[in-house]
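Below is one structure, written out as structure tokens, with a few remarks after it.
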Amino acid sequence: MKDSNFLRENNARFLWHPMGHPADSIKNPPYIVVGGSGVRIRDLDGTEVIDAVAGLWNVNLGFSCEPIKKAIAAQLDALPYYSTFRGSTNDKIIELSYMIRDFFRDEGMERAFFTSGGSDSVETALRLARQYHKIRREPGRTKFISLKLGYHGTHFGGASVNGNPRFRQPYEPMLSGCFHIPAPHAYRNPFGIADGSLLAEKCAEMLDQEIKFQGAETIAAFIMEPVLGAGGVIVPPENFMPLVRDICDRHGILLIADEVITGFGRTGEWSGSRLWGVRPDMMTIAKAITNGYFPFGAALLSAKIADAFESSEPGAGFIGHGYTYSGHPVGAAAAVACLDETKRLNVARNAKARGRQLLDGLHRIKSKHGSVVGDARGIGLMAALELVSDPETKEPLDPAAVDRIHKSIYKAGVMVRISGAFVLMSPPLIISERDVDSIVDAIDAGLEDALQGAGRAG
Ligand SMILES: Cc1ncc(COP(=O)(O)O)c(C=O)c1O
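The numbers in this note's numbering rise by one with no breaks, and the one at position 269 of the sequence shown is 503.
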């Protein structure tokens, strides 16, 4: 490793950070993380904190998962790369495809198309959705509908169905034919409806209206995260996704579940679709599939999609899409080991129990720091605090104050993720009861410290 002076001096000078302003990264240099073990990370100063973010929602099994590390090393020795473009494949990806089908049997996922990450997976699903309709001689079905506040990665397709203006406006024009409906977000919605079930019905009605307005015969798919992650951990009421499923079926529209965060146990179920009792037509997965140790993902396809492609004319069903790293054997080896460990440790069960504990703690924090914590919400081990400058108007807390809170929480021993005025939490799913208590204590202490520093009472 280069010495500390070198690293500090060159921090953010020669690279641009995703989701940040390059000048800001120079002014407020990022934490330099140099080590990780269990659920903890260590920075260049030797400070060790609990990683309540699990990297970026992905290191579900923590930083010390030996079976995955060993599998990666062994695969590098055996076969570090081979392509899966037509005419060749590799042994590991065959093994993984068999395991994935078994893992998502309840969701009805029969085929996998492998990618290098979440954005790739979303892009794949959107493309295959259009092609599916072309194969079925409904070429007019090209449009997509999605939720405002949803996040689907940053490729042009994903950004076009993305529901956050910050990720869209600088890059417009987006793909044409993408439309958005309000998310069923009880804390902030345009209808002023606080009751979850009624709100879900209202949003579902908006979807139905939008479909009729556009013309069902022009729409390829509706894409949603079963629980919205990056948009601020918005947990839809339990009737929402089943209502969406029903509407999509009635109009011949495919339902794509973007499970890049919710796949592999984070919500307390093995997938977000399973949580809501819905079988989507396609699922997108990535992140925790390799515990974040190798960039990898997949678009998964139900029997309905598989049948259409596999029984189609050669020209119609030819998949003119794929990545050099689709089916990478090292990623596949990592995923095979990761799935084994994910099942062996039954991390979904821990996510459910520890998630309840975390949410209880966050509700206590909201009661105590009601002047700045407008909302506390979550499910399983994905949770958020929404920071406001005034709980009545719900005006988001200003960025400088949010930054101070972030730093204070870190000083108190926990890494959380800040996005706008949200404090996002997604700790590794192996986290212990004691460490969840420590997360809650650190957030409490961090808020106290930052608010006192700014001369504000909780
Ligand atoms: C729901 C969802 N979809 C897609 C993506 C994009 O994944 P990636 O950053 O691996 O491209 C993300 C990333 O956070 C995500 O949360």
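From the three backbone atoms N, C-alpha and C, an ideal C-beta is built for every residue, glycine too.
request  = Determine the burial state of N580: buried for a count of at least 16 other Cβ atoms within 10 Å of its Cβ, exposed for fewer.
outcome  = Mapped onto the sequence shown, residue 580 falls at position 346. So N580 ends up on the exposed side.
| Reference Y421; option with closest CA among E547, D683, L433 | Along the sequence shown, one-based indexing puts residue 421 at 187. That would be L433, whose Cα lies nearest to the Cα of Y421.
**Prompt:** Which residues count as close to ligand 1 when the rule is a CB under 6 Å from any of its heavy atoms, in chain order?
**Reply:** G351, G352, S353, V356, Y385, H386, G387, E459, G463, A464, D492, V494, I495, A520
request  = Below 8 Å on the Cβ atoms is my guess for P662 versus A308; work out the distance and round it to an integer in Å.
outcome  = Looking up residue 662 in the sequence shown gives position 428. Looking up residue 308 in the sequence shown gives position 74. Going by Cβ atoms, the distance from P662 to A308 rounds to 24 Å, so no, they are not a contact pair.
**Prompt:** Among F456, F240, S560, which residue has its Cα nearest to the Cα of M517?
**Reply:** The count along the sequence shown starts at 1 and reaches residue 517 at position 283. Checking every option, the nearest Cα to that of M517 belongs to F456.
Check: Whose C-beta lies closer than 7 Å to the C-beta of Q365 among residues of the same chain, with five residues either side of it excluded?
Finding: Along the sequence shown, read from residue 1 onward, the residue named residue 365 stands at position 131. Correct list: empty, nothing qualifies.
*asked:* By the three-class DSSP mapping on this structure, what secondary structure does V283 have?
replied: Along the sequence shown, one-based indexing puts residue 283 at 49. Three-state DSSP puts V283 in a strand.
**Asked** Rounded to a whole number of angstroms, what is the C-alpha to C-alpha distance between S355 and W510?
**Response** Working through the sequence shown from its first residue, we reach residue 355 at position 121. Working through the sequence shown from its first residue, we reach residue 510 at position 276. Each residue's Cα considered, the two are about 22 Å apart.
Query raised in the report: With contact counted as at least three CB pairs below 8 Å, one residue from each stretch, are the region 345-352 and the region 550-563 in contact?
Result: yes
Open item on the list: Given this structure, state the Cα-to-Cα distance separating R320 from I523, to the nearest angstrom.
Closed with: Position 86 of the sequence shown, counted from the first residue, corresponds to residue 320. Position 289 of the sequence shown, counted from the first residue, corresponds to residue 523. Spanning the two alpha carbons is a distance of roughly 24 Å.
- Do the CB positions of Y316 and P563 come within less than 8 Å of each other? For the purposes of this step, residue 316 is taken as the residue at position 82 of the sequence shown. For the purposes of this step, residue 563 is taken as the residue at position 329 of the sequence shown. Yes; because the gap between Cβ atoms is below 8 Å, this pair is in contact.
- [ ] Please state if the CB of L313 and the CB of A569 are separated by a distance shorter than 8 Å.
- [x] Translated into the one-based positions of the sequence shown, residue 569 becomes position 335. Translated into the one-based positions of the sequence shown, residue 313 becomes position 79. Contact flag unset, no.
*Thinking C-beta only, is H389 closer than 8 Å to E357?*
Here residue 357 refers to the residue found at position 123 of the sequence shown. Here residue 389 refers to the residue found at position 155 of the sequence shown. The answer is yes: Cβ separation under 8 Å.
Review point. Closest to V395 by CA distance: which of P418, E372, L360, M343 is it?
Key: Residue numbering aside, residue 395 sits at position 161 when the sequence shown is read from its first letter. Ranking the options by Cα distance to V395, first place goes to L360.
| By the 10 Å Cβ neighbour count, where 16 or more other Cβ atoms means buried, how is P225 classified, buried or exposed? | This structure cannot speak to residue 225, because the chain is shown only from 235 to 692.
| query | Where does the unbroken beta strand (DSSP E) through R479 begin, and where does it stop? | reply | Here residue 479 corresponds to residue number 245 of the sequence shown, with the count starting at 1. Note, R479: premise wrong, no beta strand (DSSP E); alpha helix (DSSP H) at 474-485.
Own chain residues within Cβ distance below 7 Å of R479, not counting five before or after: Walking along the sequence shown from the start, residue 479 turns up at place 245. Within the same chain, R479 has close Cβ partners L489, V512.
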